[in-house]
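Quick note, the sequences are listed as chains A and B, same order.
Count along the first sequence starting at 1, add 110, and that's the number in the working numbering.
Count along the second sequence starting at 1, add 1, and that's the number in the working numbering.
Just so you know, even glycine gets a beta-carbon here, dropped at the ideal spot from N, CA and C.
Computed from a predicted structure; not experimentally measured.
For reference, the structure is listed below as structure tokens.
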Amino acid sequence: MKRRTRSVSVIFPAALASVLLLMVGSLFGQPASGDSKSAQKFSASSIQIEPTDPGDIPMPVEFRMAIYENLITQIQKTGKFQHVYRSGDKDAASVPDLVTLRTTARAFTKGSQRKREVTTVSGSTSLTLAVHITDHSGQTLVDRDVKGKVRFLGENLRATYDFSKKVAIIVRDTF
Amino acid sequence: MIIPNSRIATNSLRAVGARSWAPGLFLLAVGAAFAVSPAPASGQDTGTPQAASSVTQNDVKLVIGGDTIKNNSQGTLSVVGSALQFTTGKAKMEVDASSIQDISTNEDSRQDITGAAHFATMAIPYGGGRVLALFSHKVDVLTVEFKDAQGGYHGTVFVLPQGQAAPIKKQLVAMGAKAKVPLAEPAATNK
Numbered sequence: 111m112k113r114r115t116r117s118v119s120v121i122f123p124a125a126l127a128s129v130l131l132l133m134v135g136s137l138f139g140q141p142a143s144g145d146s147k148s149a150q151k152f153s154a155s156s157i158q159i160e161p162t163d164p165g166d167i168p169m170p171v172e173f174r175m176a177i178y179e180n181l182i183t184q185i186q187k188t189g190k191f192q193h194v195y196r197s198g199d200k201d202a203a204s205v206p207d208l209v210t211l212r213t214t215a216r217a218f219t220k221g222s223q224r225k226r227e228v229t230t231v232s233g234s235t236s237l238t239l240a241v242h243i244t245d246h247s248g249q250t251l252v253d254r255d256v257k258g259k260v261r262f263l264g265e266n267l268r269a270t271y272d273f274s275k276k277v278a279i280i281v282r283d284t285f
Numbered sequence: 002m003i004i005p006n007s008r009i010a011t012n013s014l015r016a017v018g019a020r021s022w023a024p025g026l027f028l029l030a031v032g033a034a035f036a037v038s039p040a041p042a043s044g045q046d047t048g049t050p051q052a053a054s055s056v057t058q059n060d061v062k063l064v065i066g067g068d069t070i071k072n073n074s075q076g077t078l079s080v081v082g083s084a085l086q087f088t089t090g091k092a093k094m095e096v097d098a099s100s101i102q103d104i105s106t107n108e109d110s111r112q113d114i115t116g117a118a119h120f121a122t123m124a125i126p127y128g129g130g131r132v133l134a135l136f137s138h139k140v141d142v143l144t145v146e147f148k149d150a151q152g153g154y155h156g157t158v159f160v161l162p163q164g165q166a167a168p169i170k171k172q173l174v175a176m177g178a179k180a181k182v183p184l185a186e187p188a189a190t191n192k
């Protein structure tokens, strides 16, 4: 009986230690795999966000404002930049490595929150915008179309939040 | 002939005495003070606010764009002095009318149920469709675009009870706020 308890008391800490080692190893391994996904990383201390250009798409002004404000919030949350400047901010002009984020509407379908709640199959709001990030010399760093959607529950403007979250992921991967 | 008559006239005036002149002089002085004072005239020209014509609206939702105020906060939207003010129990946001680049209302924001969805609501048993209809708040959306002291561009979206956005827009435009789309007259009139 004593031998059994001794062997258990030796095996259990050893197993626990090995599990802990595996967990630590996997944690250290994650950033490396994440890095391999992104092709090229740029560095910039500051970013300036421009208001959404509606282009030829009849996108309501409240959606454009919501995109702009959500983008500022979500990009601040990435923590990739010392400053996130609003369009027109005088201080941005003196930043040498400033990058600029522009968005242009490509497609917009305004759904209905009520329809979504009632039918669950119709009434989704979706918007697609071209996301363009350039450096201070005008060189393009990012040029992608990003879609924002609200399918089942939530207000129509939530599509702008969904879009901004996706742009923040792109920014996180790029800088 | 003329001279004595005039003397009589002046004498009669003197005879009436200072008692009848005093109210006249007082009225003249008050009238002159109003005529000389530039405040009311320039107030109409430059859009200086008048306390009597201020607008206050309760149960307003700040959807997005309130810097210090959380999104979807409920509060009171009012035009105080020459500024648009949104106050909640905890915080206050103020935008000067002169810094507003554009102010717009949207009456198309109503989410009416039509077509197939309308039939779907009708099919809900025990009057469920009617219950849903109770929650169909018809609202106005007021979008304010403005610049801060640094020149930074902001956009704020408010949701108000139906028909309440137009008076606020009208008031702010009168105070110098810019609006790309002029206010439609029928929306401003209340029957």
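Those residues which DSSP pairs with residue i across a bridge
| i | result |
| --- | --- |
| Ser74 of chain B | B:Leu63 |
| Glu95 of chain B | B:Gln86 |
| Val80 of chain B | B:Leu85 |
| Tyr154 of chain B | B:Lys148 |
| Gln58 of chain B | B:Leu78 |
| Lys259 of chain A | A:Ser236 |
| Asp163 of chain A | A:Thr214 |
| Val160 of chain B | B:Lys62, B:Val142 |
| Asp68 of chain B | Bridge partners of Asp68 of chain B: none, in fact. |
| Arg254 of chain A | A:Val241 |
Extent of the continuous alpha helix (DSSP H) to which residue i belongs
| i | result |
| --- | --- |
| Leu184 of chain B | Unbroken run through Leu184 of chain B: none, as it is neither H nor E. |
| Leu173 of chain B | 166-175 |
| Ile104 of chain B | Per DSSP, Ile104 of chain B belongs to no alpha helix (DSSP H); it is in the beta strand (DSSP E), 101-107. |
| Asp283 of chain A | 268-284 |
Rounded straight-line distance, which links the Cα of residue j to that of residue i
| i | j | result |
| --- | --- | --- |
| Thr188 of chain A | Leu251 of chain A | 17 Å |
| Leu211 of chain A | Val174 of chain B | 31 Å |
| Asp255 of chain A | Val241 of chain A | 6 Å |
| Thr77 of chain B | Gln172 of chain B | 16 Å |
| Ser236 of chain A | Glu146 of chain B | 24 Å |
| Leu181 of chain A | Leu267 of chain A | 13 Å |
| Gln165 of chain B | Gln158 of chain A | 34 Å |
| Ala215 of chain A | Met169 of chain A | 8 Å |
| Lys220 of chain A | Ser234 of chain A | 7 Å |
| Asp253 of chain A | Thr284 of chain A | 11 Å |
| Ser247 of chain A | Thr162 of chain A | 21 Å |
| Val277 of chain A | Val209 of chain A | 15 Å |
| Val160 of chain B | Glu172 of chain A | 10 Å |
| Thr88 of chain B | Ala269 of chain A | 27 Å |
| Ile101 of chain B | Lys148 of chain B | 7 Å |
| Ala203 of chain A | Gly153 of chain B | 12 Å |
| Val142 of chain B | Asn107 of chain B | 5 Å |
| Ala98 of chain B | Gln86 of chain B | 10 Å |
| Val56 of chain B | Lys91 of chain B | 21 Å |
| Arg174 of chain A | Gly258 of chain A | 13 Å |
| His155 of chain B | Gln150 of chain A | 32 Å |
| Glu95 of chain B | Ser83 of chain B | 10 Å |
| Gln163 of chain B | Asp60 of chain B | 11 Å |
| Lys286 of chain A | His193 of chain A | Residue 286 of chain A is absent from the model: chain A starts at 111 and stops at 285. |
| Ile70 of chain B | Val158 of chain B | 12 Å |
| Ile177 of chain A | Glu265 of chain A | 14 Å |
| Ser153 of chain A | Ala180 of chain B | 39 Å |
| Ile104 of chain B | Val182 of chain B | 8 Å |
| Asn73 of chain B | Lys93 of chain B | 14 Å |
| Arg218 of chain A | Phe273 of chain A | With the sequence shown as reference, residue 218 of chain A is identified as Phe, and Arg is not the correct amino acid for it. So the alpha carbons of these two residues sit roughly 12 Å apart. |
Residue i beta carbon near the ligand NAD (any heavy atom closer than 7 Å)
| i | result |
| --- | --- |
| Lys148 of chain B | This structure simply doesn't include the ligand NAD, nor any ligand for that matter. |
Contact list for residue i against chain A, beta-carbon separation under 8 Å
| i | result |
| --- | --- |
| Thr144 of chain B | Val171, Glu172, Met175 |
| Ser105 of chain B | Val171 |
Contacts of residue i in chain A (Cβ-Cβ under 7 Å)
| i | result |
| --- | --- |
| Ile101 of chain B | Result: empty, since nearest Cβ-Cβ is about 13 Å, beyond 7 Å. |
| Gln75 of chain B | None at all; the shortest Cβ gap to chain A is about 15 Å. |
| Gln151 of chain B | Asp199, Lys200, Asp201 |
Where residue i meets chain B, residues with beta-carbon distance less than 9 Å
| i | result |
| --- | --- |
| Pro161 of chain A | Glu146, Tyr154, Gly156 |
| Leu267 of chain A | Val64, Ile65, Val158 |
Within chain A, partners of residue i - CB distance below 9 Å
| i | result |
| --- | --- |
| Gln58 of chain B | Going along chain A, no residue has its Cβ under 9 Å from Gln58 of chain B, so there is no contact; the nearest lies around 17 Å. |
| Gln163 of chain B | The contacting residues do not exist; Gln163 of chain B stays about 16 Å from chain A at best. |
Delimiting residues of the beta strand (DSSP E) encompassing residue i
| i | result |
| --- | --- |
| Ser156 of chain A | 156-159 |
Near-chain E residues of the region 178-202 of chain A - C-beta to any C-beta below 8 Å:
Absent from the structure: chain E. Protein chains present are A and B.
Ranges of the beta strand (DSSP E) found wholly within the region 189-251 of chain A, counting only runs of at least 3:
The region 189-251 of chain A contains these whole beta strand (DSSP E) runs: 193-196, 208-219, 235-244.
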